[in-house]
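In this note's numbering, the protein residues as written are 168 to 769.
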């Protein structure tokens with residue numbers, strides 16, 4: 168079972184490994200779906216070398232669509248990433264399969280719209296090693312997919328949610344010429360919209376109607392493991408180091424607690440110096456989304472900003488002071504927020520004395536108002552300063568003789584190094600103390616290893632005195648040699664390119680296939696599918712184009728689903744609706760037959 172964490176950069180990737188990630192995914196210099204999280208190949212190489220020490224893996228996101236003039240650059244980048252030992256590439260553009268690339272493992276990104284069973288089966292038959300499933304998949308659907316494909320499956324378990332099916336959102340490209348399929352999403356789903364029905368009646372005014380809560384299925388991890396999911400993925404390549412440390416540590420501890428068996432795909436033990444808490448870092452509130460068809464709300468109409476953790480209710484307020492009924496410690500500098508008049512407001516704690524908080528509040532508070540904390544300064548300081556390390560267990564055995572001794576270092580993965588050290592025998596005056604000193608000096612293993620066990624064979628009553636300088640030099644040389652052997656053993660394995668002769672299930676493909684180069688077009692043609700329209704980004708006229716396809720439904724979110732509620736108001740029964748804001752007016756249709764919501768450019 169793999170725990171997969173995001174890495175904005177080298178430092179974040181190392182922090183994720185230290186906190187228990189079995190693998191990390193990171194963007195390279197170009198062609199990643201988070202353009203603001205790009206990294207030089209030299210930094211990725213350093214991350215690869217660090218990760219492979221712990222048998223962890225590094226996946227690089229090359230998951231944007233490519234233009235014809237970028238193909239040669241992308242091909243060169245892939246070769247460079249293969250040369251530095253990257254374990255896999257996460258791709259979107261199928262033109263890559265037409266390139267002359269080395270045998271690097273390829274994963275089908277969620278940007279490839281991996282929701283339809285037929286499409287997932289096609290990628291499996293094609294030969295993809297892993298398929299990253301859409302976040303809209305239910306447990307039942309994931310189980311069905313697992314039973315019908317050979318490829319590994321990767322599922323998101325935590326982080327921000329895109330309201331549209333991944334790879335099927337063109338709203339950002341439409342309203343701001345920033346394509347989500349090119350790594351430049353402007354987060355159109357986090358904007359305010361008003362909702363009108365077909366009679367132009369205003370149903371909802373200026374709300375964050377498309378802004379979803381954050382995905383969190385910590386209470387469903389056991390079921391995901393039982394189904395046979397291979398990789399549990401944390402979203403967040405734009406998140407800071409404290410966030411990644413906290414969330415990775417939380418899920419590492421959770422996975423390890425589920426079974427007595429070792430479920431880790433990697434090696435080492437994490438020595439944590441903090442207790443993780445998901446609600447203390449950025450979150451918009453949590454949802455299971457469609458994993459188990461829960462009845463709870465999936466969106467946060469109030470704000471796309473972080474709500475943080477619920478603290479309690481106001482029990483006293485006067486002027487610039489207030490009290491909160493809570494069992495949690497509040498510190499100077501903490502960031503607080505509350506909902507007033509349908510909006511999120513916030514303040515910073517300037518002073519707290521005997522439970523009385525002094526602060527400037529833009530909106531007056533009253534007794535009973537709910538208060539959240541979206542910045543816990545003490546927790547943030549602890550995360551930022553955390554020295555959590557991950558160490559590999561090591562067994563040391565010595566064979567002490569009169570004129571030399573043998574040393575054997577064997578780690579938890581049975582990687583072993585041996586050495587014979589000649590030295591002039593000098594019998595220890597205090598034999599018991601000498602043996603303790605030898606063990607103590609060998610146990611000083613630094614930041615990569617820790618001592619699992621120590622044993623020694625020696626002739627009775629003939630325990631030598633071994634100078635600390637000899638032990639220190641031997642220990643250094645043997646641990647360095649062990650690191651080198653681990654890097655060789657856990658280096659990336661070659662994987663053949665997915666290229667089986669399998670027919671695509673549809674004979675034609677439009678702009679939603681995201682074909683933006685000739686090689687991608689050739690790929691589909693070679694598999695029996697004619698591309699009749701290029702990618703949205705290459706089309707000049709976007710009139711009436713579908714901009715978003717979402718399983719999330721505004722009408723259902725508000726309790727007005729016509730399948731579930733026979734008594735909805737007449738004003739919610741019209742066939743068409745419109746979303747409006749300063750960027751324009753967009754046609755909204757509720758496709759109840761397929762249980763999806765569709766947003767069109769009108």
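Just so you know, even glycine gets a beta-carbon here, dropped at the ideal spot from N, CA and C. Keep in mind the model is a prediction, meaning the values are calculated, not measured.
Integer Cβ distance of residue i from residue j, believed to fall under 8 angstroms
i	j	result
residue 184	residue 557	6 angstroms
residue 332	residue 282	6 angstroms
residue 222	residue 434	4 angstroms
residue 572	residue 563	Wrong, their Cβ atoms sit about 12 angstroms apart, outside the cutoff.
residue 395	residue 286	No, residue 395 and residue 286 are not in contact; Cβ-Cβ is about 20 angstroms, not under 8 angstroms.
residue 512	residue 530	5 angstroms
residue 291	residue 317	6 angstroms
residue 323	residue 242	Rounded, the Cβ-Cβ distance is 29 angstroms, inconsistent with contact.
residue 746	residue 766	7 angstroms
residue 532	residue 481	5 angstroms
residue 697	residue 724	Not confirmed; about 38 angstroms, so no contact.
residue 489	residue 524	5 angstroms
residue 621	residue 646	At roughly 15 angstroms, the Cβ-Cβ gap does not stay under 8 angstroms, so residue 621 and residue 646 are not in contact.
Test item: CB-CB of residue i and residue j under 8 angstroms
i	j	result
residue 228	residue 348	no
residue 188	residue 415	yes
residue 258	residue 215	no
residue 683	residue 714	no
residue 502	residue 487	no
residue 299	residue 271	no
residue 171	residue 321	yes
residue 190	residue 249	no
residue 276	residue 457	no
Three-state secondary structure (DSSP) of residue i
i	result
residue 526	coil
residue 327	coil
residue 499	coil
residue 215	helix
residue 251	coil
residue 657	coil
residue 557	strand
residue 337	coil
residue 411	helix
residue 493	coil
residue 617	strand
residue 201	coil
residue 353	coil
residue 449	coil
residue 208	helix
residue 300	coil
residue 521	coil
residue 722	helix
residue 771	Absent from the structure is residue 771, since the part of the chain shown begins at 168 and ends at 769.
residue 286	helix
residue 176	coil
residue 576	strand
residue 715	strand
residue 436	strand
residue 510	strand
residue 468	coil
Min CB distance residue i to chain D below 8 angstroms
i	result
residue 727	In the displayed structure, chain D is absent; only one protein chain is listed.
Selected residue, minimal CA-CA separation from residue i, among the options
i	options	result
residue 707	678, 684, 726	678
residue 668	255, 203, 295, 178	295
residue 756	762, 180, 657, 744	744
residue 245	235, 702, 269, 383	269
residue 565	527, 590, 606	606
residue 421	548, 452, 387, 454	387
residue 492	485, 478, 301	478
residue 430	453, 391, 406, 455	391
Buried/exposed call for residue i, threshold 16 Cβ in 10 Å
i	result
residue 438	exposed
residue 443	buried
residue 692	exposed
residue 219	buried
residue 217	buried
residue 660	exposed
residue 344	exposed
residue 847	This structure does not reach residue 847, given that the chain is present from 168 up to 769, and the question cannot be answered.
residue 613	exposed
residue 597	exposed
residue 389	exposed
residue 665	buried
residue 440	exposed
residue 467	buried
residue 543	buried
The ligand MG heavy atom lying under 7 angstroms from the CB of residue i
i	result
residue 256	Absence of the ligand MG from the depicted structure is noted, as is the absence of any ligand whatsoever, leaving it without description.
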